[in-house]
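Here the numbering used here is used: position 25 in the sequence shown is 150, and no number is missing along the way.
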Amino acid sequence: MAKDKPKRLTVSLSQQTKEELDIIKHTGQSYDGLIQELIKLWRREKG
126 MAKDKPKRLT
136 VSLSQQTKEE
146 LDIIKHTGQS
156 YDGLIQELIK
166 LWRREKG
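Structural data, given as structure tokens:
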């Protein structure tokens with residue numbers, strides 16, 4: 126049986142926030158991938 130894809134949602138960002146995310150994300154990286162990476166970093170820093 127095929128695995129179901131995770132549900133996708135829309136998140137509203139300001140133009141400035143999108144531009145800042147574009148600066149730090151890797152070429153070809155999705156915004157979902159970037160946000161997951163930022164969450165992992167935050168959790169490590171939070172301890």
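Think of the CB as a built atom: it goes at the ideal place given N, C-alpha and C, for glycine as much as any other residue.
Range covered by the alpha helix (DSSP H) that runs through residue i
i: L159; result: Y156 to K171
Where residue i sits in the DSSP three-state scheme
i: T152; result: coil
i: L138; result: coil
i: K143; result: helix
Cβ-Cβ separation, residue j to residue i (assumed contact under 8 Å), whole Å
i: L146; j: Y156; result: 6 Å
i: K150; j: L159; result: 4 Å
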